[in-house]
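Below is one structure; the comments refer to it alone.
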Amino acid sequence: MTLSAHALLLLNAQRHDLDDRPDERSVARDWAHHVADARAQGWVVAFVQWDAPHGAAWDTFSKDWTLHPDFRAEQGDVLVRAELPDAFAGSELAAQLHARAVQRLHLLALSGTPALDATLASAEAQGFRIESLEVPA
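Residue numbering for the sequence shown follows the numbering used here, beginning at 930 and increasing consecutively.
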């Protein structure tokens, strides 16, 4: 298990978030560089896999539910399932990050997603410090 004070948390790395965006390639490529840099620095990398909300155009466990092809969880990474809007609510995210000694979060998220504000507020309530946030429009 990787222990690190820093974690890179990807909130929107699933196909349903990135596929068909006009900037899909540039966002995915940029985020993949952040993931590679985080791993090279020994940071914890965490992915949230959101279950489909009621009425969504995609289903949990469908192709759209899977991580975008530019990302994969590797040994030592954190991969949690969550329901909107808070990645910490009802998931093992806080426990997994605390178990790895994480204190500071660096977030990658898409603007306008319901999860962003809720997860930020919850992260601070869980005792994590937000160090950086990248949110492409």
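Each residue gets a CB set at the ideal place from its N, CA and C atoms; glycine is no exception.
The DSSP-derived three-state label of Leu1008 is strand. Within the same chain, Cβ atoms closer than 6 angstroms to the Cβ of Ser933 are found at Gly971, Trp972, Val973, the five residues on either side in sequence being excluded. Secondary structure of His983 (DSSP, three-state): coil. Within the region 990 to 1046, the runs of beta strand (DSSP E) that reach at least 3 residues and sit entirely inside it are, in chain order, 1007 to 1011, 1033 to 1037.
Less than 7 angstroms separates the beta-carbon of Asn941 from that of Leu1039.
Annotated three-state conformation of Ser1061 is strand, per DSSP.
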